[in-house]
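Residue 12 is where the sequence shown starts when you use my numbering, and the numbers rise one by one after that. Cβ atoms here follow ideal geometry from the backbone N, Cα and C, with glycine treated the same way. Since this is a predicted model, take the numbers as computed values, not measurements. Heads up: the structure comes next, in structure tokens.
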Amino acid sequence: MMYGYRSIHLFGFVWAYIYYLLEIFQPNSFKAAKQLGHNLGEFVYYSYVTLTTLGYGDVLAVSKQARGLTILEAIIGQLYLAIMVSRLVSLHISKARYQ
Numbered sequence: 012m013m014y015g016y017r018s019i020h021l022f023g024f025v026w027a028y029i030y031y032l033l034e035i036f037q038p039n040s041f042k043a044a045k046q047l048g049h050n051l052g053e054f055v056y057y058s059y060v061t062l063t064t065l066g067y068g069d070v071l072a073v074s075k076q077a078r079g080l081t082i083l084e085a086i087i088g089q090l091y092l093a094i095m096v097s098r099l100v101s102l103h104i105s106k107a108r109y110q
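Shown next as structure tokens:
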């Protein structure tokens with residue numbers, strides 16, 4: 012399960028980089044209480060808030076592209092969680108059968 016932990020971190024950083032590139036190539040795709048600029052750390056924060064579906068609301072996707080990517084990341088985050096939990100349950104059940 013250690014790889015599951017690592018892969019969720021990888022997802023978060025990949026999505027953060029995608030948001031960062033979107034903001035560079037299409038400025039003002041995101042709106043925040045303070046100016047985001049080209050600060051990758053802010054997009055890492057936004058990515059993990061989206062991936063975990065916390066949705067604090069302090070950073071908002073404004074453009075169509077940013078909103079679409081945000082929705083896609085939230086869906087992937089939830090699917091990943093569901094797949095990991097079902098895998099753990101499956102492993103537990105199969106292990107219990109053979110004991």
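Presumed contact (8 Å Cβ cut-off) between Tyr57 and Val70, rounded CB distance: On the sequence shown, residue 57 is found 46 positions in, with the first residue counted as 1. On the sequence shown, residue 70 is found 59 positions in, with the first residue counted as 1. Tyr57 to Val70, Cβ: 5 Å. Contact.
Other residues of its chain near Ser105: CB distance less than 8 Å, five sequence neighbours each side excluded: Translated into the one-based positions of the sequence shown, residue 105 becomes position 94. Result list for Ser105: empty, nothing under 8 Å.
As assigned by DSSP and simplified to three states, the class of Leu71: Along the sequence shown, read from residue 1 onward, the residue named residue 71 stands at position 60. In this structure, Leu71 counts as strand in the three-state DSSP scheme.
Whole-angstrom distance between Tyr30 and Ala77, CA atom to CA atom: On the sequence shown, position 66 is the one that residue 77 refers to. On the sequence shown, position 19 is the one that residue 30 refers to. Their backbone Cα atoms lie some 7 Å apart in a straight line.
Continuous alpha helix (DSSP H) stretch holding Leu51: start and end: Locating residue 51 in the sequence shown gives position 40, where the first residue counts as 1. Per DSSP, Leu51 belongs to the alpha helix (DSSP H) from Leu51 to Leu62.
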